[in-house]
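Residue numbers are given in the numbering used here: position 327 of the sequence shown equals residue 327, and the series is strictly consecutive.
These notes concern the structure reproduced below.
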Amino acid sequence: MSDWAGIAWLVVLLAANAFFVGAEFAVISARRSQIEPLAEAGKRSAKTALWAMEHATLMLATTQLGITVCSLLILNVSEPAIHHLLEVPLGLTGLSPEVISTIAFLIALVLVSYLHVVFGEMVPKNLSFSVPDQAVLILAPPLVFIGRIFSPVIVALNATANGVLRLFGVQPKNEATSTYTLDEVATIITQSTKEGVLFDGTGALTATFEFTTRKVRDVAVPMAGIISLPETATPADVEKAVTRHGFSRFVLVNEAGDPTGYVHLKDVLDLESEVYKDPIPGKRIRQLVSIFEETDLEDALATMRRSGAHLSRSFTELGETTGVLFLEDIIEELVGEVQDATRRD
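Shown next as structure tokens:
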């Protein structure tokens, strides 16, 4: 191989090394929240990038194999070429061949190391850190293609590495962590608010994080504070209760004081006048969902949304009723006070 061919191979190998380094950091740094919508829209490169992020350990094995091979080839192919080219001008100094060879070797080693670190490592790494979402869309497809070609070798290397981790009690992860935990987001918002770059004037952000720690028992209204009607209540009774209290929904309780259902004003407005003083028909009474009082409030909200219920009964581990959970009370935890349109102040 000629000296200039060695220089050409140096350029090619530096570019290849830069590709593997950039791809490695892109797969780790890219945000799934930015790539997933593109994949769902049908963008092929985004689908491949998403697959790479979900199989991060395999992709890292691919990049490490590529970086190692490129690094070894760079030293073995380019160093002799540069060494030989430097011996010509150094020969004019009149130094002995041994000294010239040593000086040429040191200069070649320093030059190749410098080019390798700067252009083969730092530039692609910093580029991928700066624009990870764009970088992963460009670099992931060829990386996945290379990984599939050398799949047996890469799978073997990855299995060996994971086996070593397990020996030390560490559970390997396949997918890169490209999202923030709730605590991390809360810390970011707190810090941003202190620094004046984020203004939470309504308190909605703070309320959202507090919401995740709330339980049903924290929001449910105790039975002693409930304005209820008996099971035998008539549409006329509902009308009187609305006039007196202004609420549009009322809990119905049995003789023991336990809630058995609830009725909305609009459930009885269309009843004929002749049955207006008869007990509310059973088909007009809405069922209460029962939710354990230690249930997370967000889970309770999901349960009520699935059932379509605006009210639910909270109960203890012994099955005893402790109160009633209102949908608007849950919403108030997030957005502030919500007034019943018919409520009287």
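Every residue gets a Cβ at the ideal spot worked out from N, C-alpha and C, and that includes glycine.
Predicted model, so just to flag it, every value in this text is computed and none were measured.
- Spatial neighbours of A18 in its chain, beta-carbon cut-off 7 angstroms, leaving aside the 5 residues before and after: If you number the sequence shown from 1, residue 18 lands on position 18. F119, G120, V123 and P124, listed in sequence order.
- Query: CA-CA distance, D258 and R249?
  - Reply: To locate residue 258, count along the sequence shown from 1; it is residue 258. To locate residue 249, count along the sequence shown from 1; it is residue 249. Each residue's Cα considered, the two are about 16 angstroms apart.
- Task: Name, in chain order, the residues that DSSP records as bridge partners for H264.
- Result: Reading the sequence shown from its first residue, position 264 is the one you call residue 264. According to DSSP, H264 bridges with R249.
- Which of helix, strand or coil DSSP assigns to I291: Along the sequence shown, read from residue 1 onward, the residue named residue 291 stands at position 291. Of the three classes helix, strand and coil, the one that applies to I291 here is strand, per DSSP.
- Message: One question on the structure: do I146 and T62 come within less than 8 angstroms of each other, judged by their Cβ atoms?
- Response: Your numbering for residue 146 matches position 146 in the sequence shown. Your numbering for residue 62 matches position 62 in the sequence shown. Cβ distance < 8 angstroms, so I146 and T62 count as in contact.
- Query: Using a Cβ-Cβ cut-off of 6 angstroms (strictly less than) and excluding sequence neighbours within five positions of V21, which residues of its own chain qualify?
  - Reply: Position 21 of the sequence shown holds residue 21. Within the same chain, V21 has close Cβ partners E121, P124 and K125.
- Message: Between A302 and Q287, how many whole angstroms is the CB-CB distance? I'm expecting something under 8 angstroms.
- Response: Stepping through the sequence shown from its first residue, residue 302 is reached at position 302. Stepping through the sequence shown from its first residue, residue 287 is reached at position 287. Not a contact, Cβ separation roughly 18 angstroms.
- Task: Rounded to whole angstroms, what's the CA-CA distance from V164 to L157? Just pull it up for me.
- Result: Reading the sequence shown from its first residue, position 164 is the one you call residue 164. Reading the sequence shown from its first residue, position 157 is the one you call residue 157. Looking at the two C-alpha atoms, the distance is approximately 11 angstroms.
- Task: Please classify E320: is it buried, with 16 or more other beta-carbons within 10 angstroms of its beta-carbon, or exposed?
- Result: Along the sequence shown, one-based indexing puts residue 320 at 320. Counting Cβ neighbours within 10 Å, E320 comes out exposed, since fewer than 16 surround it.
- Task: Give the single residue among D299, L115 and T48 whose Cα lies nearest to the Cα of R148.
- Result: Here the question's residue 148 lines up with position 148 in the sequence shown. Cα-wise, what sits closest to R148 is T48.
- 8 angstroms contact criterion, which L65 and F150 should meet: CB distance rounded: Position 65 of the sequence shown, counted from the first residue, corresponds to residue 65. Position 150 of the sequence shown, counted from the first residue, corresponds to residue 150. Contact flag correct, Cβ pair sits at about 7 angstroms.
- Quick one: using the 10 Å Cβ neighbour count with 16 as the cut-off for buried, is Y262 buried or exposed? For the purposes of this step, residue 262 is identified with residue 262 of the sequence shown, where counting begins at 1. Buried.
- Message: Given this structure, state the Cα-to-Cα distance separating A159 from Q171, to the nearest angstrom.
- Response: Residue 159 sits at position 159 when you count from the first residue of the sequence shown. Residue 171 sits at position 171 when you count from the first residue of the sequence shown. A159 and Q171: Cα-Cα distance of roughly 12 angstroms.
- Neighbour-count burial assignment, A140, 16 or more Cβ in a 10 Å radius: Against the sequence shown, residue 140 aligns to sequence position 140. Counting Cβ neighbours within 10 Å, A140 comes out buried, since at least 16 surround it.
- Item | Among E294, D329 and P142, the one whose alpha carbon lies nearest that of E317 | Locating residue 317 in the sequence shown gives position 317, counting from the first residue. Cα-wise, what sits closest to E317 is E294.
- Query: In the DSSP assignment, what residue or residues form a beta bridge with V242?
  - Reply: In the sequence shown, the residue the question calls residue 242 occupies position 242. For V242, which the question treats as bridged, DSSP gives no partner whatsoever.
- Message: Using CA atoms only, rank isn't needed, just tell me which of Y276, S29 and T322 is closest to S130.
- Response: Taking the sequence shown and counting its residues from 1, the one referred to as residue 130 is at position 130. Comparing Cα-Cα distances from S130 to each of Y276, S29 and T322, the minimum goes to S29.
- What residue does the beta strand (DSSP E) around I325 start on, and which one ends it? Here residue 325 refers to the residue found at position 325 of the sequence shown. Per the sequence presented here, residue 325 reads as Leu, with Ile not at that position. It spans T321 to F326 - the beta strand (DSSP E) in which L325 sits, taken as one unbroken run.
- Query: According to the neighbour-count rule (16 or more other Cβ atoms, all chains shown, within 10 Å of its Cβ), is L311 buried or exposed?
  - Reply: For the purposes of this step, residue 311 is taken as residue 311 along the sequence shown, with counting starting at 1. Burial call: buried.
- Is there contact between the segment 231-240 and the segment 323-332, where contact requires at least three CB pairs shorter than 8 angstroms? no
- Query: Cα-Cα, which of G91, L92, L86 and P97 is closest to A108?
  - Reply: Looking up residue 108 in the sequence shown gives position 108. A108 has its Cα closest to that of L86, out of G91, L92, L86 and P97.
- Query: Using DSSP with H/G/I as helix, E/B as strand and the rest coil, what is K43?
  - Reply: As a first step, residue 43 is located in the sequence shown; it is residue number 43 there, counting from the start. Residue state, collapsed to three classes: coil.
- Message: Could you tell me the alpha carbon to alpha carbon distance between S278 and E272, rounded to whole angstroms?
- Response: Against the sequence shown, residue 278 aligns to sequence position 278. Against the sequence shown, residue 272 aligns to sequence position 272. A small correction: the amino acid at residue 278 is Asp; Ser does not occupy that position in the sequence shown. Those two C-alpha atoms are separated by around 11 angstroms.
- Message: Quick check on the DSSP output: the beta strand (DSSP E) that includes R166 runs from which residue to which?
- Response: For the purposes of this step, residue 166 is taken as the residue at position 166 of the sequence shown. Premise fails: R166 lies in the alpha helix (DSSP H), S151 to L167, not in any beta strand (DSSP E).
- Note down, in chain order, each residue of its chain lying with its Cβ closer than 8 angstroms to the Cβ of L75, except the 5 sequence neighbours on either side. Taking the sequence shown and counting its residues from 1, the one referred to as residue 75 is at position 75. The residues are V112.
- Can you name the start and end residues of the alpha helix (DSSP H) that L311 belongs to? As a first step, residue 311 must be located in the sequence shown, where it is residue number 311. Segment L311 to F315 is the beta strand (DSSP E) holding L311; no alpha helix (DSSP H) there.
- Query: For G246, which option in A256, S228 and T260 has the closest C-alpha, if you only look at C-alpha atoms?
  - Reply: Here residue 246 is taken as the residue at index 246 of the sequence shown, counted from 1. Residue S228 is the option with its Cα nearest to G246.
- Query: The alpha helix (DSSP H) spanning L58 covers which residue range?
  - Reply: On the sequence shown, residue 58 is found 58 positions in, with the first residue counted as 1. It spans A56 to L73 - the alpha helix (DSSP H) in which L58 sits, taken as one unbroken run.
- Query: Going by Cα to Cα distance, which pick from S45, R244, M223 and I82 is closest to D133?
  - Reply: The sequence position of residue 133 within the sequence shown is 133, counting from 1. Among S45, R244, M223 and I82, the Cα nearest to that of D133 belongs to S45.
- Tell me whether the beta-carbon of A220 lies closer than 8 angstroms to the beta-carbon of V289. In the sequence shown, the residue the question calls residue 220 occupies position 220. In the sequence shown, the residue the question calls residue 289 occupies position 289. No, they are not a contact pair.
- Is I285 near L327, with beta carbons less than 8 angstroms apart? Reading the sequence shown from its first residue, position 285 is the one you call residue 285. Reading the sequence shown from its first residue, position 327 is the one you call residue 327. Not a contact, by the Cβ cut-off of 8 angstroms.
- Query: Do L14 and H116 come within 8 angstroms of each other at the CB atom, strictly closer than that value?
  - Reply: For the purposes of this step, residue 116 is taken as residue 116 along the sequence shown, with counting starting at 1. For the purposes of this step, residue 14 is taken as residue 14 along the sequence shown, with counting starting at 1. For H116 and L14, yes; Cβs fall inside 8 angstroms.
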